[in-house]
Structures are given as C-alpha cells and as structure tokens.
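So the structure is just underneath, and the comments pick up after that.
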Amino acid sequence: MLKAVIFDMDGVIIESEPLHHAAYHNMFKDVNIKVSTPLYESFTGKSTINVCKQICELYNLEETPEYLVSLKRKHFDYIFNNDTNFDLIDGVLDIIQEYHNNGLTLVLASSATMSSIERIFNKFDLNPYFKAKLSGADLKQSKPHPEIFMNAVKETGYNTQECIVIEDSTSGIAAAKGAGVFCVGFDSFHSKNQDYSKADLVIKKFEEISYANIKNLI
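The sequence shown lines up with residues 197 to 414 when you count with our numbering.
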C-alpha cells in the first residue's frame, strides 16, 4: 500500500525549464560555445556542477566547472528575481495538499542545490507539506545514478514497495527505477524529448494521479 511520494522539483513542481534554458544559454555565450539542442536536452535532470564538468570536457575549456556554475547561477538568479510569470506547475499544489491531507509522507529529491530548493519552498510556502528535502548537488553522482532516490526512500521511513517517485526526465526515471521505486513519468510541456518508456505510469496532468487513483496503485 502506498505510504510515501517522492517528488522531483524542476519540471514537476515548478516550471523552471525556461529559466534554466535562458541561464544556461547566457552562460554558454559567456564562454563562447554553442551547445546543440540534443546535447542540451540530455542535461535535463542532472546537477549543474555535473553538467558544467561535462561541458568543460567536451569543449576543452580553460575555465573550471565551478566558474561555469557561478556564471549560470548569476544568470538564473537574475531571471528568477525578475520573471513575473514564474510559478508552480498547474495542479501540483492541489495534489501536494491532497496527498498531505490523506496522510502520505512527502519527500523532495532534486538535482538542484539546497539553496535553490529552499528558495522555491519559501517562495511558494511548501515546507509544511514535506518531511524532508534532498539535493543531488550534495552527492558525487547525479541522476541517473539511483543514490538520491535510495536516500529519499530512507527519509520516508518506509520501504521501496511503499513509495512512488514523480519525475519528468529520462535520467530521473532511470534513477528511480535503479532504486527499485515505482515511477510516475510526468510528460511536462517543457521537458522536451525525454524518454518515458521506463516509467511505470505516464501522465500529462496531475489530476490523473489523485489520491483516489493512486492509493492502491502499488
């Protein structure tokens, strides 16, 4: 029986991809590189530091990955503070509140830094609903490595057979399945060209996974 739900953040809770897209591409201009659309889309779900390490290796850059991270973060912070259209994904707050009100334990497992997670949670007042928040930036391996979801399951206090993960990216789904957790693939409008074939269930709207629909799903 379902006891806990583990949420990804970017692309699941917030429509952050347009902000990340702009921030990354501004950073690419700063270091004079052109990143193809397929390569950029392959970054979805990975932590910024690991993306920047990959970029430095692929383009043989003299700049350090940490420097690229700082550039990207500078651009993201500016956009975050000035974009008035930035909001939660439609329906996600309702589903978070519904799960919480029905006694499900909620945990966040995101590749974002903890400072970014805290900023989002404070902006949208999400802290009351979640038992724990985990940042993949604190780990050596990014998704698709399953470590973050293995840790998230431990945080719930339940076993893998009592949890589900909601993810929007190829790497996130692979990480969830690698951890042995039932995975709902959220086919988000902004999550372009992601592979949902390994997800146990694919949805386009959160109404599809109302508490009534998922309480006996596993």
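From the three backbone atoms N, C-alpha and C, an ideal C-beta is built for every residue, glycine too. None of these values were measured; they are calculated from a predicted model.
Item, Value
"Run through the DSSP bridge pairs and tell me what CYS359 is partnered with.", "ALA200"
"Along the chain, where does the alpha helix (DSSP H) that runs through PHE317 open and close?", "310-320"
"I'd like the span of the beta strand (DSSP E) that includes ASN381, first residue to last.", "At residue 381 the sequence reads Gly, which differs from the Asn that was named. Where GLY381 is concerned, the enclosing beta strand (DSSP E) stretches over 378-382."
"Excluding five sequence neighbours on each side, which residues of the same chain lie with their C-beta closer than 8 Å to the C-beta of ILE399?", "VAL380, GLY381, PHE382, ASP383, ILE405"
"Who are the near neighbours of PRO261 in its chain, counting only those whose CB is closer than 7 Å to its CB and skipping five residues on each side?", "ILE245, CYS248, LYS249, CYS252"
"Figure out for me which residue from TYR236, LYS339, GLY332, ALA328 has the closest Cα to the Cα of ILE369.", "LYS339"
"Could you check what DSSP says for VAL208 in three-state terms: helix, strand or coil?", "coil"
"I want to know whether the region 219-230 touches the region 267-283 - three or more CB-CB distances under 8 Å.", "yes"
"Is the beta carbon of THR309 less than 8 Å from the beta carbon of ALA333?", "yes"
"Beta carbon of VAL303, beta carbon of PHE326: below 8 Å?", "yes"
"Spatial neighbours of ILE210 within its chain, please: CB distance less than 7 Å, with the 5 preceding and 5 following residues excluded, ordered by chain position.", "LEU284, ILE285, ILE316"
"Taking DSSP as the reference, what is the three-state secondary structure of LYS270?", "helix"
"Taking the straight line between their C-alpha atoms, what separation do you get for PRO342 and SER307?", "12 Å"
"For a quick check, are the C-beta atoms of GLY374 and THR356 less than 8 Å apart?", "no"
"Would you mind sorting ALA371 into buried or exposed? The rule is 16 or more other CB atoms within 10 Å of its CB.", "buried"
"For the beta strand (DSSP E) that LEU397 lies in, which residues bound it at each end?", "397-399"
"Identify whether SER387 lies in helix, strand or coil by the three-state DSSP scheme.", "coil"
"Take GLU294 and list the residues in its own chain whose beta-carbon comes closer than 7 Å to its own, dropping the five residues that flank it on each side.", "SER406, TYR407"
"Would you mind sorting GLN337 into buried or exposed? The rule is 16 or more other CB atoms within 10 Å of its CB.", "exposed"
"Can you round the beta-carbon distance between ASP226 and ASP364 to whole angstroms, since I take them to be within the 8 Å contact cut?", "With a Cβ gap of about 27 Å, ASP226 and ASP364 do not count as contacting."
"Could you give the first and the last residue of the continuous alpha helix (DSSP H) run that contains THR366?", "366-374"
"Please tell me whether LEU215 and ASP279 are closer than 8 Å, where the distance is taken between their beta carbons.", "yes"
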